[in-house]
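Q: Residue numbers (the working numbering): 1 to 517.
A virtual CB, placed ideally from N, CA and C, is assigned to each residue, including glycine.
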Amino acid sequence: MAALSLGRAAARGLLRAQSLGAWRGLRASAALQQIPRAKSENAKSESTFQVTMLPGDGVGPELMHAVKEVFKAASVPVVFDEHHLSEVQNMASEEKLDEVVDSMKESKVALIGKIHTPMEYKGELASYDMRLRRKLDLFANVVHVKSLPGYKTRHNNLDLVIIREQTEGEYSSLEHESAKGVIECLKIITRAKSQRIAKFAFDYATKKGRSKVTAVHKANIMKLGDGLFLQCCEEVAELYPKIKFDTMIIDNCCMQLVQNPYQFDVLVMPNLYGNIIDNLAAGLVGGAGVVPGESYSAEYAVFEMGARHPFAQAVGRNIANPTAMLLSAANMLRHLNLEFHSNLIADAVKKVIKVGKVRTRDLGGYSTTSDFVKSVIDNLHPHYGAHSGHGGLRHVPGFHPSRDSCSGCLGPLASSSLLPPGNLSLPSNKSSLCSMTGRLQTRTAPSLPAAPSQAGEGWLRQHKGAAAVPGAGTVWSPPARARGGKAPPGPPAAPAHAPSAAAEQDGRGPTTTSALY
């Protein structure tokens, strides 16, 4: 018996070790590092993710506020570690830069706005934005340019990706005055970094199911610098025979993007060319306000706007378009493996644009930033009955269909404190698969108040097993009464979701379902 018990204990230990193996892998991943309770006072649970936030300059703080509001409404398990780094607001120093880097070392993921770089020379050539990217070695910038359904432009149904090397090239900050009135600006191209960005582009195309990579260059003029970049791309392309490889000179690429952008799939290029093409391509689908972007290193991931503009003229006017930042935040959630929340937010943003009733000025509308954010929040969850198989459960306070789909799912629906007394019936009387467990369930919900009859017989309430109610278990309707008259004795206290007597008496009617949220 002792040997048998020991064997069972060993088996249980092995199963526990196997089940925890996947979670250990998630914790070890740079992008999916969860926060222990001791490391973050703000983290509500071990399943909460810490993300570094840099609002930046211009409308950056307003856009970050929009992200926070949407995340709060969607119950996203993310805690932001917010830092402020700005050269124009005198909030830039080596200490602040080190604080941001330390935060990134812990979180591995960041959401940042545009850190504006002044044109005045103040003794330091490298901007804090570039220094941050170099410290984190964010070598690959990815901008996915995709048309938004419902917003028509000259070219519709666009879908292309721009990949840019952003740690060297023309942005190396190596300038000097060799003679009076003569400035030399060095462009640095190295084989190692050119091969790295080329391999990243082909790996990206392979993973995303893309069929073509185009290397953009100016090797006809800069024969050594861009020539080396082009040579590295050609060498890497030979390792990916299933992906078509093409080359194009930068000036011709700009013209082709305007005339026929459908010929492109994935474009890879050095630093300056990528900056220009990012902005040009963003203009094809609606501008800087609608295109998300992201930057990667071997260890970190930073999510930002695809076309980096501070939009300083819109500061404080509540007119900035938060689409790009919200889509970037959704991409960040997908990177954190929060697929549900990512799709929830991205779908809500795209639905607002597709409907077209709420559009900011850059998209030809008159709505404010607040209007857009409110509309996104309203579209985070479909209306009553729109949930597949969940029926009226959407309108139970505290209930969320993704979390409380059935009795097998953990959630507040299992708690009797959320369920008002009375009959529990499924409004649609349907059984369907739970989205969380995949099991066939018959869903039940508190019965909603019926509409008042034209004869003014009051609101129908259903009770079961209440001895004080005449005809227990049947529908009870209070008799009509004259205004100001004494009401006849009625049933016990109504459920929490039923309208109050005061609401009936003053003619306001029932509390609408939207008032529950």
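Tell me whether Gly-471 is buried or exposed, calling it buried when 16 or more other Cβ atoms sit within 10 Å of its Cβ.
A: A caution first: Gly-471 carries a pLDDT of 42, below 50, which makes its placement in the model too unreliable to give a value.
Q: Counting pairs of beta carbons, one from the segment 242-262 and one from the segment 181-191, are three or more of them closer than 8 Å?
A: no
Q: Specify whether the segment 273-286 and the segment 113-122 touch according to this definition: at least 3 beta carbon pairs, one from each stretch, less than 8 Å apart.
A: no
Q: Taking the C-alpha atoms as reference points, what is the distance between Gly-287 and Asp-371?
A: 19 Å
Q: Can you check the segment 90-162 for any alpha helix (DSSP H) of at least 4 residues that lies completely inside it and give the ranges in chain order?
A: 94-107 and 128-136
Q: Would you kindly report the start and end of the unbroken beta strand (DSSP E) that includes Pro-292?
A: 292-296
Q: When DSSP labels each residue in this structure, what does Ile-189 get in the three-state scheme?
A: coil
Q: As a quick exercise: from Met-104, Ala-312 and Leu-363, pick the residue whose alpha carbon is nearest that of Gly-150.
A: Leu-363
Q: Along the chain, which unbroken stretches of the alpha helix (DSSP H) at least 4 residues long are found entirely within the segment 200-283?
A: 225-237 and 250-259
Q: In angstroms with no decimal places, state the Cα-to-Cα distance between Gly-365 and Arg-359.
A: 5 Å
Q: Given 8 Å as the limit, is there contact between the segment 322-340 and the segment 120-135, that is, 3 or more CB pairs closer than that?
A: no
Q: Which whole-angstrom value describes the C-beta separation of Pro-261 and Leu-160, a residue pair presumed to lie in contact below a C-beta threshold of 8 Å?
A: Right, the Cβ-Cβ distance comes to about 7 Å (below 8 Å), so this counts as a contact.
Q: Helix, strand or coil for Val-76, going by three-state DSSP, please let me know.
A: Correct three-state label for Val-76: coil.
Q: Can you list, in chain order, the residues of its chain whose CB lies under 6 Å from that of Ser-342, leaving out five sequence neighbours each side?
A: In the same chain as Ser-342, and ignoring 5 residues on each side of it, the C-beta atoms closer than 6 Å to its own belong to Ala-330, Leu-333 and Arg-334, in chain order.
Q: Should Tyr-121 be labelled buried (16 or more other beta-carbon atoms within 10 Å of its own) or exposed?
A: exposed
Q: Using CA coordinates, which residue listed in Val-315, Lys-350, Phe-311 and Gln-313 is at the minimum distance from Ser-328?
A: The shortest CA-to-CA distance from Ser-328 to any of Val-315, Lys-350, Phe-311 and Gln-313 is the one to Lys-350.
Q: Note the first and the last residue of the continuous beta strand (DSSP E) segment covering His-176.
A: 175-179 is the span of the beta strand (DSSP E), which, as asked, contains His-176.
Q: When you compare only the Cα positions, how much space is there between Cys-233 and Ser-172?
A: 21 Å
Q: Pull up the DSSP beta-bridge partners for Gln-313, would you.
A: Gln-313 is not bridged to any residue.
Q: Is it the case that the Cβ atoms of Glu-168 and Asn-90 are separated by a distance below 8 Å?
A: no
Q: Counting along the chain, where does the alpha helix (DSSP H) carrying Ala-348 start and finish?
A: Ala-348 -> alpha helix (DSSP H) spans 339-355.
Q: Decide if Ile-221 is buried, meaning its Cβ has at least 16 other Cβ atoms within 10 Å, or exposed.
A: exposed
Q: Going by DSSP, name the residue or residues bridged to Gly-169.
A: Ile-188
Q: What would DSSP say about Thr-48, mapped onto helix, strand or coil?
A: coil
Q: Tell me where the beta strand (DSSP E) around Ala-301 begins and ends.
A: 301-305
Q: Compare the beta carbon distance of Val-291 and Val-101 with 8 Å and say whether it is the shorter of the two.
A: no
Q: Could you have a look at Asp-378 and say whether DSSP puts it in helix, strand or coil?
A: helix
Q: Taking all protein chains shown into account, do 16 or more other C-beta atoms lie within 10 angstroms of the C-beta of Asp-81, making it buried, or fewer, making it exposed?
A: buried
Q: According to DSSP, what are the bridge partners of Ile-183?
A: Glu-177
Q: For Leu-344, I'd like the list of residues in its chain whose CB is within less than 7 Å of its CB, leaving aside the five on either flank, ordered along the chain.
A: Ala-74 and Leu-380
Q: I need the DSSP call for Glu-69, collapsed to helix, strand or coil.
A: helix
Q: From this set, Val-352, Leu-111 and Gly-316, which residue's C-alpha is nearest Val-373's C-alpha?
A: Val-352
Q: So, at 8 Å on beta carbons, what are the nonlocal neighbours of Glu-99 in its own chain, with the 5 sequence-adjacent residues on each side left out?
A: Within its own chain, the residues whose Cβ lies closer than 8 Å to the Cβ of Glu-99, once the five positions on either side in sequence are excluded, are His-83, listed in chain order.
Q: Using only the heavy atoms of the ligand SAH, determine whether one of them is closer than 7 Å to the beta carbon of Leu-224.
A: As for the ligand SAH, it is missing from this structure, which has no ligand bound.
Q: In angstroms, rounded to a whole number, what distance separates the CA positions of Phe-202 and Lys-180?
A: 45 Å
Q: According to the neighbour-count rule (16 or more other Cβ atoms, all chains shown, within 10 Å of its Cβ), is Val-182 buried or exposed?
A: exposed
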